[in-house]
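Numbering (the working numbering), first residue to last: 36 to 173.
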């Protein structure tokens, strides 16, 4: 799986239509399938070496679906942040075990890691709320 921009040119035809000009003709089918199968609800139209992607009008239901996608991506970001915290704490425990740092230093570092984790989780929450508000405004 690669980004669409690495297998073709993406251009904006008009306010509601994207065009993907595929570099290799045999890639048109898989690209069209990937666009159709994603969670955005797009329905591409294949035209030989190019694929037109009409963007649906944003109805209330569509806006809720997009907000749900935003929340899902936000949760994935928060999980990634927590995984980094876990990895950092594991590294600290290993350093204490190997007598590279003292237990007091470990505790101070864990507190700092937790503060950073809380800060960035709050930032992700703020970004999710902003994006949801932006999507839901008519």
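Each residue gets a CB set at the ideal place from its N, CA and C atoms; glycine is no exception.
None of the values given here were measured: they were computed from a predicted structure.
Need the endpoints of the beta strand (DSSP E) that residue i sits in, please.
i          : result
residue 87 : 85-89
Measuring alpha carbon to alpha carbon, tell me which of the options ends up nearest residue i.
i           : options            : result
residue 105 : 37, 41, 168 and 38 : 168
residue 112 : 159, 50, 52 and 56 : 159
residue 109 : 166, 136 and 56    : 166
The alpha helix (DSSP H) with residue i in it runs from where to where?
i           : result
residue 175 : Coverage of the chain is limited to positions 36 through 173, which leaves residue 175 absent and any answer about it impossible.
residue 172 : Careful: residue 172 lies outside any alpha helix (DSSP H) and carries neither H nor E.
Round the Cβ separation of residue i and residue j to the nearest angstrom and send it over; I've been treating them as touching at under 8 Å.
i          : j          : result
residue 82 : residue 53 : Actually they do not touch by this definition, with Cβ atoms about 13 Å apart.
residue 66 : residue 42 : 6 Å
residue 55 : residue 39 : 6 Å
Touch check for the stretch 82-89 and the stretch 114-125: three-plus C-beta pairs under 8 Å?
-> no
Report yes or no: do three or more beta-carbon pairs, one from the stretch 165-173 and one from the stretch 122-137, lie closer than 8 Å?
-> no
Three or more C-beta pairs closer than 8 Å, one from the stretch 62-80 and one from the stretch 150-165: is that the case here?
-> no
Where in the stretch 46-80 do unbroken runs of the alpha helix (DSSP H), each at least 4 residues long, occur, reported from the N-terminal end onward?
-> 63-72
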